[in-house]
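Each residue of the sequence shown is one higher than the one before, starting from 2 at the first, in the numbering used here. Backbone N, C-alpha and C fix where the C-beta goes; we use that ideal spot for every residue, glycine too. Quantities reported herein were computed from a predicted structural model and do not represent experimental measurements. A short worksheet on the structure shown next.
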Amino acid sequence: MSTAIQRDKSSFLYQQVVEMVMEMRSSGTLRAGDRLPSLRSFSQGLKVSIPTVRQAYVELERQGMVEARPKSGYFLKAQNIDVQGPKKATPPRRPRVVNKQSLIEEVFTAIHAPGSVALGLANPTAAHSSDKALARVMRRVLANAGNKAIAYGPMEGFPPLRRQLALSHIDQGLQIDPSEVLITNGAQEAIAIALKCVAKAGDIIAVESPTYFGVLELIESLGMMALEIPLCPDHGVGLADLEAALKKHPVKACVFSSSISNPLGSYMNDERREALVHLLESKDIPLIEDDVYGELHFQKTRSVLAQRFSTKGLVLTCSSFSKTAAPGYRIGWLLAGRFHDQAKRVKRALSCSSSLLNQWTLSEFMASGEYERNIRVLRQVLERYKQRAIALVTEYFPTETRMSNPQGGGVLWVELPSKNHGNDLFHRALDHNISIAPGTLFSPSDKFKHCIRVSYGVQWSDKIEESYRILGELVKEGSS
Ligand SMILES: Cc1ncc(COP(=O)(O)O)c(C=O)c1O
């Protein structure tokens with residue numbers, strides 16, 4: 002590759018810079034998700050002016066090859082990828098008794114097996130960990146508060162954390178009193194409490210299809226039934242499908258991740274979310290909104306919580322710090338609307354209170370502004386890794402493979418050529434110490450047999466790239 006700019010060439014200098022970036026991309030020096038050199042360093046290196054490099058980058062952006070990110074620079078996008086989105090699931094037929102626990106157990110065992118590359122785990126904080134900052138804050142809390150920090154905390158949660166969380170909703174136009182925030186052991190407990198408040202064994206709960214398997218496991222353990230509502234990869238849950246399902250079945254409540262869904266990474270815009278809340282409240286059906294991925298969006302601003310559109314108090318918001326800071330701290334929260342008093346009683350019965358030390362640490366982490374700053378970086382890193390993962394699947398998997406284009410979060414949903422079965426691939430990948438999440442995990446009726454979920458929210462390394470390559474080879478073998 003020629004690295005020097007030739008001033009006697011007939012092409013403009015900026016065009017030569019464009020060609021140079023293209024060459025670096027073809028040779029693999031620059032890869033999807035990589036940051037291009039800064040304007041200053043590239044101009045110094047090439048001995049051209051900063052405006053020349055800027056013009057080249059703008060041209061590359063116009064051609065769709067790079068994207069500009071405010072305050073971060075220019076990044077190479079995944080190229081020549083005609084990403085075929087996954088197919089939408091078929092509309093619901095009937096509610097199902099859920100029976101997923103043994104497969105979930107198997108997947109969890111694989112994820113935590115020593116030496117395994119955990120592409121089956123959704124832990125986006127691994128992409129940009131806050132561990133050092135949190136350790137610093139925790140040491141300070143322990144030094145200052147001593148014994149108090151490891152005592153039983155108040156059942157509803159540590160007051161300063163509840164206040165920080167109430168404050169954090171102001172941006173979304175939501176005025177929440179700290180007393181309305183109930184601290185839980187992760188979002189999983191928040192969803193469990195919410196379900197117990199609004200439904201009982203035998204009731205029908207509408208879920209997205211595909212949906213997060215932890216919700217299915219809860220429905221199973223509470224003896225409820227799940228009714229699948231197809232999720233549109235681009236817009237979230239299909240409102241027409243939902244309306245039709247509500248006419249046919251006595252749905253008791255819905256559990257939707259309408260901000261950013263897991264596993265599809267789909268995003269429902271605020272208008273549709275408002276329509277969703279109006280539709281459900283017009284029928285007095287509670288909506289349990291699982292917002293764990295709400296902060297990890299790739300849009301300019303985060304979506305507004307469904308709760309903001311509620312007029313009857315029938316929206317229950319569940320979230321946590323698991324995807325943004327510290328999954329192991331097991332701290333989440335529930336805004337239970339009109340079910341708040343009931344939710345408090347359920348929480349007390351289930352777990353009394355949540356770790357005070359972890360709440361204390363998180364409240365100081367939030368108050369210092371560091372939490373917010375970390376999330377901003379995490380979002381950018383995740384978006385870059387997403388591009389890289391899409392590029393790898395495109396390179397190594399068979400051409401008929403389809404995949405999601407996540408609008409946030411840290412997972413990719415991959416639809417394999419039809420001869421492949423996700424469960425079979427899960428077992429074959431384990432032989433190579435790679436864990437993935439098979440598609441059937443995300444449906445009570447065993448839909449998505451040809452799908453898998455893989456994470457890009459990981460600590461990126463050559464081993465991760467190699468694991469994507471091996472997966473691609475296994476899928477090719479399975480397709481022949
Ligand atoms: C969509 C979704 N909801 C809820 C949870 C549970 O979150 P937590 O770890 O805070 O209990 C997860 C975790 O993977 C998730 O992906």
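Within 8 Å, strictly: CB atoms of residue i and residue j
i: G34; j: Y294; result: no
i: V67; j: L61; result: yes
i: V252; j: L280; result: no
i: A69; j: Y15; result: no
i: L383; j: T325; result: no
i: G458; j: A128; result: yes
i: L351; j: I194; result: yes
i: L104; j: L442; result: yes
i: S117; j: I391; result: no
i: I289; j: A254; result: yes
i: I151; j: A167; result: no
i: S210; j: A90; result: yes
i: C353; j: M226; result: no
i: A202; j: G224; result: yes
i: R339; j: Q173; result: no
i: Y37; j: L77; result: Here residue 37 is Leu; the residue named in the question, Tyr, does not match the sequence. Yes.
i: L363; j: F398; result: no
CB-CB length for residue i against residue j, believed under 8 Å
i: D291; j: I192; result: 6 Å
i: A337; j: C233; result: Not quite, the Cβ-Cβ distance comes to about 28 Å (not below 8 Å), so this is no contact.
i: Q381; j: S73; result: 6 Å
i: P260; j: Y213; result: Reading off the sequence shown, one finds Ser at residue 260, where the question assumed Pro. With a Cβ gap of about 13 Å, S260 and Y213 do not count as contacting.
i: S320; j: W334; result: 6 Å
i: N100; j: E221; result: 7 Å
i: Q460; j: A79; result: At roughly 20 Å, the Cβ-Cβ gap does not stay under 8 Å, so Q460 and A79 are not in contact.
i: V49; j: V22; result: With a Cβ gap of about 13 Å, V49 and V22 do not count as contacting.
i: E371; j: A146; result: So it is not a contact: roughly 19 Å between Cβ atoms.
i: L315; j: E282; result: 5 Å
Neighbourhood of residue i by C-beta, 7 Å cutoff - its chain only, sequence neighbours within 5 removed
i: N421; result: H451, V476, G479, S480
i: Q360; result: G154, G158, F159, L162, I184, I332
i: R429; result: L475
i: M2; result: Bear in mind that the predicted position of M2 carries a pLDDT of just 40, short of 50, making it unreliable; the figure below should be weighed with that in mind. Hits under 7 Å: E24, S28.
i: D447; result: T441
i: A368; result: Q165
i: K1; result: Here the chain comprises residues numbered 2 to 481, so residue 1 is not present and cannot be evaluated.
Same chain, Cβ closer than 6 Å to residue i, five either side skipped, listed in chain order
i: E365; result: V138
i: Q85; result: R403
i: H1; result: Since the first and last residues shown for the chain are 2 and 481, residue 1 lies out of range.
i: P264; result: P211, V412, W414, F443, R454
i: E396; result: none
Neighbour flag for residue i against chain D, beta carbons, 8 Å
i: M23; result: Protein chains in the displayed structure number just one, and chain D is not present.
Own chain residues within Cβ distance below 8 Å of residue i, not counting five before or after
i: L426; result: L417, I437, P439, I453, L472, L475, V476, G479
i: D9; result: none
i: Q300; result: Y268, Q408, G409
i: S39; result: G74
i: L393; result: E466, Y469, R470, G473
i: R140; result: none
i: V142; result: A150, L358, W361, T362, E365
Candidates the options, of which the one nearest residue i by Cα
i: S262; options: G215, A245, M225; result: G215
i: N124; options: P328, K248, R374; result: P328
i: E272; options: C255, G237, A200; result: G237
i: N148; options: G411, V347, L358; result: L358
i: L175; options: S311, L442, E401; result: S311
i: L243; options: E221, A207, S222; result: A207
i: P287; options: S405, Q388, I205, W334; result: I205
i: P71; options: R470, R377, V455, N434; result: R377
i: E296; options: L240, R374, H250; result: R374
i: A188; options: L277, E20, R470, K348; result: K348
i: V415; options: A79, N270, P87; result: P87
i: E275; options: A246, V305, V256; result: V305
i: H250; options: L143, P96, A368, Q102; result: P96
i: E218; options: E20, D235, V142, V98; result: V98
i: S456; options: G121, V278, P52, Q102; result: G121
Residue interval of the alpha helix (DSSP H) (run including residue i)
i: C198; result: 187–199
i: R346; result: 341–352
i: L47; result: 40–47
i: W361; result: 357–368
i: R63; result: 51–63
i: V476; result: 463–480
i: T110; result: 102–112
i: V22; result: 14–28
i: R274; result: 271–283
Continuous beta strand (DSSP E) stretch holding residue i: start and end
i: P160; result: It is not in any beta strand (DSSP E) - P160 instead sits in the alpha helix (DSSP H) that spans 160–169.
i: I6; result: That residue, I6, is in no beta strand (DSSP E); it is neither H nor E in DSSP.
i: F76; result: 74–77
i: S456; result: 452–456
i: F257; result: 252–257
i: G333; result: 333–336
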